[in-house]
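Participant: Numbered by the numbering used here, the letters in the sequence shown go through residues 6 to 589 in order.
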Amino acid sequence: MSILLVRRISQVFFLLLFLWFCVAMTFGTEWWQLRGWPVNLLLDLDPLVAIGTLLTTHRLYAGLSWALLTIAVTIVFGRVFCGWVCPFGTLHQVFGWIATRTLKPRGKMDANRYRKGQVIKYYVLIAFLAMAAFPFGSGSTLVTGLLDPIPLAHRSVNLALLPIAGSMGSTVGGGARHYEGAWVVGAVFVAALLMNFVIPRFFCRFICPTGALLGLLSRFAVFRIAKVGPGCTQCDLCESHCEGAADPAMKLRLSECLMCMNCIKGFCSKNLITYRAKPSVEPDLPAPDLGRRAVLASFATGFLAVPAIRTGATLGANYHPRTIRPPGSLAEEEFLQRCIKCGQCMRVCPTNIIMPAGIDGGIENLWTPVLNFRIGTSGCQLNCTACGHVCPTAAIRPISLEEKQGRGKYHDAGPIRMGTAFVDRGRCLPWAMGTPCIVCEENCPVTPKAIYVRESFEPVRGALRKVVAAENAVVTLGGHRMHPGQFASGDYHLASADNGGRRIRISANTENTVTLAGEGGFSAGEMVRVEVRLQAPCVDVDHCIGCGVCEHECPVSGLRAIRVSAENETRNKRNSLRLKRGES
Numbered sequence: 006m007s008i009l010l011v012r013r014i015s016q017v018f019f020l021l022l023f024l025w026f027c028v029a030m031t032f033g034t035e036w037w038q039l040r041g042w043p044v045n046l047l048l049d050l051d052p053l054v055a056i057g058t059l060l061t062t063h064r065l066y067a068g069l070s071w072a073l074l075t076i077a078v079t080i081v082f083g084r085v086f087c088g089w090v091c092p093f094g095t096l097h098q099v100f101g102w103i104a105t106r107t108l109k110p111r112g113k114m115d116a117n118r119y120r121k122g123q124v125i126k127y128y129v130l131i132a133f134l135a136m137a138a139f140p141f142g143s144g145s146t147l148v149t150g151l152l153d154p155i156p157l158a159h160r161s162v163n164l165a166l167l168p169i170a171g172s173m174g175s176t177v178g179g180g181a182r183h184y185e186g187a188w189v190v191g192a193v194f195v196a197a198l199l200m201n202f203v204i205p206r207f208f209c210r211f212i213c214p215t216g217a218l219l220g221l222l223s224r225f226a227v228f229r230i231a232k233v234g235p236g237c238t239q240c241d242l243c244e245s246h247c248e249g250a251a252d253p254a255m256k257l258r259l260s261e262c263l264m265c266m267n268c269i270k271g272f273c274s275k276n277l278i279t280y281r282a283k284p285s286v287e288p289d290l291p292a293p294d295l296g297r298r299a300v301l302a303s304f305a306t307g308f309l310a311v312p313a314i315r316t317g318a319t320l321g322a323n324y325h326p327r328t329i330r331p332p333g334s335l336a337e338e339e340f341l342q343r344c345i346k347c348g349q350c351m352r353v354c355p356t357n358i359i360m361p362a363g364i365d366g367g368i369e370n371l372w373t374p375v376l377n378f379r380i381g382t383s384g385c386q387l388n389c390t391a392c393g394h395v396c397p398t399a400a401i402r403p404i405s406l407e408e409k410q411g412r413g414k415y416h417d418a419g420p421i422r423m424g425t426a427f428v429d430r431g432r433c434l435p436w437a438m439g440t441p442c443i444v445c446e447e448n449c450p451v452t453p454k455a456i457y458v459r460e461s462f463e464p465v466r467g468a469l470r471k472v473v474a475a476e477n478a479v480v481t482l483g484g485h486r487m488h489p490g491q492f493a494s495g496d497y498h499l500a501s502a503d504n505g506g507r508r509i510r511i512s513a514n515t516e517n518t519v520t521l522a523g524e525g526g527f528s529a530g531e532m533v534r535v536e537v538r539l540q541a542p543c544v545d546v547d548h549c550i551g552c553g554v555c556e557h558e559c560p561v562s563g564l565r566a567i568r569v570s571a572e573n574e575t576r577n578k579r580n581s582l583r584l585k586r587g588e589s
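1) Considering only the beta carbon of each residue, do arginine 534 and alanine 513 sit closer than 8 Å?
2) Please specify which runs of the alpha helix (DSSP H), each continuous and at least 4 residues long, are wholly inside the region 381-436, giving them in chain order.
3) For serine 589, which three-state DSSP category applies?
4) CA-CA distance, isoleucine 63 and phenylalanine 208?
5) Is lysine 275 near the ligand ADP - that is, is its Cβ less than 7 Å away from at least one heavy atom of it?
6) Exposed or buried, which one is serine 589 when buried takes at least 16 other CB atoms within 10 Å?
7) What first and last residue would you give for the beta strand (DSSP E) that runs through glycine 467?
8) Short check: CB of lysine 275 to CB of cysteine 237, under 8 Å?
9) Quick one: using the 10 Å Cβ neighbour count with 16 as the cut-off for buried, is glutamate 446 buried or exposed?
10) Below 8 Å on the Cβ atoms is my guess for isoleucine 404 versus isoleucine 421; work out the distance and round it to an integer in Å.
11) For histidine 498, list the residues DSSP reports as bridge partners.
12) Leucine 257 and serine 223: beta carbons closer than 8 Å?
13) Among residues of its own chain, excluding the 5 on either side of alanine 231, which ones have a beta-carbon nearer than 7 Å to its beta-carbon?
14) Report yes or no: do three or more beta-carbon pairs, one from the region 387-402 and one from the region 187-204, lie closer than 8 Å?
15) My guess is that glutamate 536 and valine 465 are in contact by the Cβ rule of under 8 Å, so how many angstroms apart are they, rounded?
16) Using the DSSP secondary-structure output, state which residues sit across from cysteine 543 in a beta bridge.
17) To the nearest angstrom, report how far apart cysteine 354 and alanine 541 are at their CA atoms.
18) Ends of the beta strand (DSSP E) at alanine 116?
19) Given 8 Å as the limit, is there contact between the region 544-555 and the region 369-385, that is, 3 or more CB pairs closer than that?
20) Taking C-alpha atoms, which residue in Thr328, Gly393, Gly68, Met351 lies nearest to glycine 366?
21) In terms of alpha-carbon separation, which member of His159, Pro205, Ala251, Gly144 lies closest to threonine 61?
22) Would you identify the three-state DSSP class for arginine 568, choosing helix, strand or coil?
23) Going by DSSP, which residues form a beta bridge with phenylalanine 107?
24) Given that a residue counts as buried once 16 or more other Cβ atoms are within 10 Å of its Cβ, and exposed if not, what is cysteine 262?
25) Please list the terminal residues of the continuous alpha helix (DSSP H) segment that includes methionine 136.
26) Going by C-alpha to C-alpha distance, which of Leu22, Gly33, Ala187 sits closest to asparagine 45?
27) At the level of alpha carbons, what is the spacing between leucine 242 and cysteine 273?
28) Considering Cα atoms alone, identify which of Asn517, His498, Ala522 is closest to asparagine 477.
29) Give the list of continuous alpha helix (DSSP H) stretches no shorter than 4 residues that lie fully inside the region 204-254.
30) Mapping the DSSP letters down to three states, classify alanine 192 as helix, strand or coil.
31) Between the alpha carbons of valine 193 and tyrosine 127, how many angstroms are there, rounded?
32) What does DSSP give as the partner residue(s) for valine 353 in the beta ladder?
33) Taking Cβ positions, are proline 110 and serine 245 nearer each other than 8 Å?
34) Out of Cys549, Tyr415, Thr520, which one is the CA nearest neighbour of alanine 475?
35) Can you tell me which of the three DSSP states threonine 62 falls into?
36) Starting from the Cα of leucine 290, find the closest Cα among Asp252, Met266, Leu309, Thr306 and give me that residue.
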């Protein structure tokens, strides 16, 4: 079995494994759902995730220790993660092959020659790591997930590809799901793949910060591609299929070599290229050609970007009130130091309420998880802690049901609050329009309920009428005609206009009569009025946990009449209901 066939089998295996993990991120108990599958395996193997979070938090989350294996393998065998494991790299290789399969050898050589612009990815890496290492003010931030290929691939499949398949009727991955801004995530993914028709493996060669990190490590590799002797005829056939554009015909650029092994099998007529533990007989280029000024400029750009993007005090008094994080999320500063924007929590949420954030809270907030209670099937369920258990960096802590609900040893601390619900009295049906509604109070899941009602009886428009005739429970009224059944919901009453206290529920009505639930003793000529019993909702902030069930169930379309915002959230004591003086 040739080494190329082994490499292709490895690539197909890890690509299918990656896709299976995305499909298996469906919440449930079936064998093909989330039941112990190591769905974060590739994220745990990603060294950029580990190093980024290590720089931002000064600690290594246990699950990410698997990245040490990737680093060790790279130091021993070179960039085999890029050429043999990375599913996003495999997709680029497939699209690059499609783009160049009809080209003649000379055209393939031109497509796969080394370009000076391939150093850009190293500058991107330096800027990202500088942002992660920023030590002043509110601390560093982690934005590597924007371009890190493993989180990018997870995010794209989770939020764009699988939902598209679900909208077309596929039941793979749980059927139809919806995500705000998913078209942008999908557009980035598709654009990266289409760039292979310009230059094969464009993303890997020019942009990928993980590839840059592994390229820097590969200079120390024990085993490497090497030339075994002189005699190269400069036919350049080895370059025609070089996936990393590592310039094997000249001085091999070890930092660019993806260990695809294409150059050592079937292209060198002299058999001068091999894979071994000794360097080439001719000098190689183990490190990328980076200019000192460019390195310093990249570092300064990343270092200064952190205070620049936080000049709006978005981590202080000017925080975005609709940035509601999933239960168990860390305080915002540490959350942004850990979140890699992979979309795992969004994918696993059974009610489909965790959404990728937009640019509202700044570039560091982009594609991080926020809750949107208008979408999905409900609010955040009291008996669900799935999001924290799939987060690969513990930006969302793995919590127990007891902690979430404030039971047992967590009784004194109380339940985890994601925010607080506020009633918009200008849009609420009972408050603003005199229309009976207690949907939010009925659906509030906490005990005791965080929503209570204030009962009142209010006259309806044109309520004052004169009794024309009264016979038993049927009262004929004067005035304009009524709509049959208009007052038959059980919320309307006929009351004496003199405020004498007589008030009897209306059980039915015609155009000019009302039928009372009991004999009311109203007499002809008496002035009466139709009143509606209103139960106006109010929120008890001491019991509200911000689960959003009330907002989701509110019958007012568009902007809901009761909405949750981040005030009073457990994770950030500064986001209290009252702004403290001097806070910024």
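C-beta atoms are modelled at their ideal positions from N, C-alpha and C, and glycine is treated no differently.
Facilitator: Considering the structure as presented:
1) no
2) 391-395, 406-410
3) Its pLDDT being 49, under 50, serine 589 is placed unreliably in this model, and the value from its coordinates should be taken loosely. Looking at serine 589 - three-state DSSP - the assignment turns out to be coil, as it is neither helix nor strand.
4) Looking at the sequence shown, residue 63 is not isoleucine but histidine. C-alpha separation (whole angstroms): 30 Å.
5) The ligand ADP is absent from the structure shown, which contains no ligands of any kind.
6) Its pLDDT being 49, under 50, serine 589 is placed unreliably in this model, and the value from its coordinates should be taken loosely. Serine 589 comes out exposed.
7) 456-476 is the span of the beta strand (DSSP E), which, as asked, contains glycine 467.
8) yes
9) By the neighbour-count criterion, in which 16 or more other beta carbons inside 10 Å mark a residue as buried, glutamate 446 falls on the buried side.
10) 7 Å
11) Arg510, Glu536
12) no
13) So the qualifying residues of the chain are Thr279, Arg281, Lys283, Pro284, Ser285.
14) no
15) Their Cβ separation, rounded to whole angstroms, is 7 Å, which keeps glutamate 536 and valine 465 in contact under 8 Å.
16) Tyr457
17) 32 Å
18) Unbroken run through alanine 116 is the alpha helix (DSSP H), 110-116; no beta strand (DSSP E).
19) yes
20) Of the listed residues, the one whose Cα sits closest to glycine 366 is Thr328.
21) Gly144
22) strand
23) The sequence given here has threonine at residue 107, not phenylalanine. Partner(s): none; threonine 107 has no beta bridge.
24) buried
25) Start and end: 125-138.
26) Leu22
27) 7 Å
28) Ala522
29) 214-223
30) helix
31) 20 Å
32) Note: valine 353 sits in no beta bridge, so no partner.
33) yes
34) Nearest of Cys549, Tyr415, Thr520 to alanine 475, Cα basis: Thr520.
35) helix
36) Asp252
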